[in-house]
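Read left to right, the sequence shown gives residues 6 to 484 (the working numbering). We put the beta carbon where it would ideally sit given N, CA and C, even for glycine. Data first, discussion second: the structure below is written as structure tokens.
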Amino acid sequence: MDLTVKLKRSYSLLYLVEKYLQPFQLSPETLQEVSARLRKDLLRGLGKHSHHKAPVKMLPTFVRATPDGTEKGDFLALDLGGTNFRVLHVRVEEEAQKVLKMDSQICAIPQEMMLGTGEQLFDHIATCLGDFLESHNLKCQTLPLGFTFSFPCEQLEIDKSILIRWTKGFNCSGVEGKDVVQLLKEAIQRTGDYHIGSVAMVNDTVGTMMSCGYKDQSCEIGMIIGTGTNACYMEEIKNVKRIEGEDGRMCINTEWGGFGDDGSLDDILTEFDVEVDKTSINPGVHIFEKMISGMYLGEIVRLVLVKMTKDKLLFKGQISEALGTSGRFETKFISEIEDGLENAKKILTELGLDWGLVDASVVCLVCDTISSRSAYLCAAALATLVNRIRNNRKLDHLKTTVGVDGTVYRKHPTFSSKLQKAVRLLAPQCDITFLVSEDGSGKGAAMVTAVAQRLAHQSRLLEESDGEDDDDEEEEEGQ
Ligand code: BGC
């Protein structure tokens, strides 16, 4: 075919492709609008009377301080939030200001267990923990335990945490509305052969913030962009209307994944987002998360590619069995494809598609558009948080650190740089350092437990010295 004809065809194809992708392209004004809507939802979540119905839950975590570098001791950590469950033995060293992972073990959570009964799940966790203690000679010790449980929980105390709802593919019966610490303790009792010390419940965002906080004490935000997405930050207690107290700060687990659950993002949802939500195991729930996180990005891309193929724009109109199967286009393919055209060709072949060079380029463009939207939406949400912290403190300029984790942020070739650039645009008065967390769900959980112990110890000392003062007063009165 003549080169000009070829070029003309490619241009008109690109023009058509753009029409499919245009709904995913959010202008800076739209991102500002998203940020403004989230700002209102943060307030609803914090309000005494509005929080029950708020889509962004703004959950108090009872973490009142970030590390001060004096924490120390040996801890156990449990990490449940994805397809694997981990047990860790962690040592926090004061002198070296280090959090050391001594040992760890991974136990897979089979798909059936993610959808089975809560009792089965917690028995599995207790057995894995028991095996770990046995094989590391720790059974005779009673170590404090940090439990990273990466689902939305209404935390009543540091060791009392009610699961609001499952997310990310979990749906075990009999757990929603129950205290997860109690379920864990009961399962450990059923094993009957070991004990644990005090428990601290930790969301992965909080673990991430705390593990980075040990290195950089201005770290006051934790953000996850992995299978799910979420963030926590240090809020002024006086603004958290549903808990007592005026002084100091508390870490709030925003659960921003639920943003949009009341329809507030309907105008920016594409037909593909609607489809992903409809076919998920929790329709109507965690709408923002479904536009952003690793559990869903691959499926959004797949649906777009299927539509383009059906409309004869791609692969000579032939959908392979793999492309036609839900879940077969994995989110990691997006990172790989955006890393280079050669990867794209390999993946398209593996998916059984009859591709040409133009097809491969269009697939790259689709991946780039959908992952960029994810990065920009996260940026809008993060900008809302940093702007809020700046306003809370009545500062013209805020310098702060965000601890980050999650496969999408870590593995995608351009996600982090796009996100950072967009936050700078949306929060120009904030100077943010991004710190990738080193195992927030493991070491961070230990750190939360260590800080909780430090604070408990300090308040015991304070009570004792108050007691002594009272005695002195009594003596003086008696004289
Ligand atoms: C959960 C959050 C968690 C996030 C990242 C979401 O689905 O609701 O609690 O922090 O995933 O793991």
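At the C-beta level, Trp261 and Val68 stay beyond 8 Å of one another.
DSSP places Leu150 in the strand class (E or B) of the three-state scheme.
In the structure shown, the three-state DSSP call for Met107 is strand.
Per the Cβ contact rule, the region 27 to 39 is not in contact with the region 227 to 236 (fewer than 3 Cβ pairs under 8 Å). Annotated three-state conformation of Phe90 is strand, per DSSP.
At the C-beta level, Asp184 and Ser166 come within 8 Å of one another. Taking the C-beta atoms as reference points, Ala432 is found no nearer than 8 Å to Asn397. CA-CA distance, Leu83 to Thr132, rounds to 12 Å. Nearest Cα to Ser421 within the set Thr454, Leu460, Arg378 and His402: Arg378. With a cutoff of 8 Å on beta-carbon distance, Ser216 and Val95 are scored as not near each other. Gln27 and Leu143 have their C-alpha atoms some 57 Å from each other.
Assigned with DSSP and collapsed to three states, Lys165 falls in strand. Per DSSP, the beta-bridge partners of Pro65 are Ile257. Contact annotation: the region 441 to 457 touches the region 144 to 154, with at least three C-beta pairs closer than 8 Å. In the three-state scheme derived from DSSP, where H, G and I count as helix and E and B as strand, Gly52 is classed as coil. Fully contained in the region 275 to 328 are the following alpha helix (DSSP H) runs of length 4 or more, in chain order: 276 to 283, 292 to 297 and 299 to 315.
Not one heavy atom of the ligand BGC is found less than 7 Å from the C-beta of Glu468. By the CB criterion at 8 Å, Thr66 and Cys237 fall inside the cutoff. Rounded to whole angstroms, the separation of the alpha carbons of Ala457 and Asn244 is 22 Å.
Burial state of Asp198 is exposed, judged by a 10 Å Cβ sphere holding fewer than 16 other Cβ atoms. By the Cβ criterion, the region 314 to 323 is not in contact with the region 331 to 347, since fewer than three pairs of Cβ atoms, one from each stretch, lie closer than 8 Å. Counting along the chain, the unbroken beta strand (DSSP E) around Asn235 starts and ends at Thr234 to Glu241. The Cβ neighbour count for Lys283, taken over all protein chains shown within 10 Å, is under 16; the residue is labelled exposed. Residue state for Asp209 is assigned as helix, using DSSP reduced to three classes. Distance check between His200 and each of Met206, Glu225 and Cys145 places Cys145 closest, using alpha-carbon atoms only.
Judged by the Cβ position, Phe156 qualifies as a neighbour of the ligand BGC at the 7 Å threshold, a heavy atom of the ligand being closer than this. Per DSSP, the continuous beta strand (DSSP E) segment holding Val409 begins and ends at Leu403 to Asp410.
Rounded to the nearest angstrom, the gap between the Cα atoms of Asp410 and Lys426 is 18 Å.
Here Ala113 is exposed. Its C-beta has fewer than 16 other C-beta atoms within 10 Å. Cβ contact annotation for Phe29 (same chain, cutoff 7 Å, sequence separation greater than five): Thr275, Thr374, Ile375 and Arg378, in chain order. When DSSP reads this structure, Thr122 sits in a beta bridge with Ser178.
The C-beta of Asn258 has 16 or more other C-beta atoms within 10 Å across all chains shown, which makes the residue buried. Pairing Cys177 with Gly121 gives a Cβ-Cβ distance under 8 Å.
Per the coordinates, the alpha-carbon of Val368 lies some 29 Å from the alpha-carbon of Phe264. Residues of the same chain with a CB within less than 8 Å of the CB of Arg44, apart from the 5 flanking positions on each side, are Thr389, Asn392 and Arg393 in chain order. At a threshold of 7 Å, Glu443 does not count as near the ligand BGC, since its beta carbon sits no closer than that to any of the ligand's heavy atoms.
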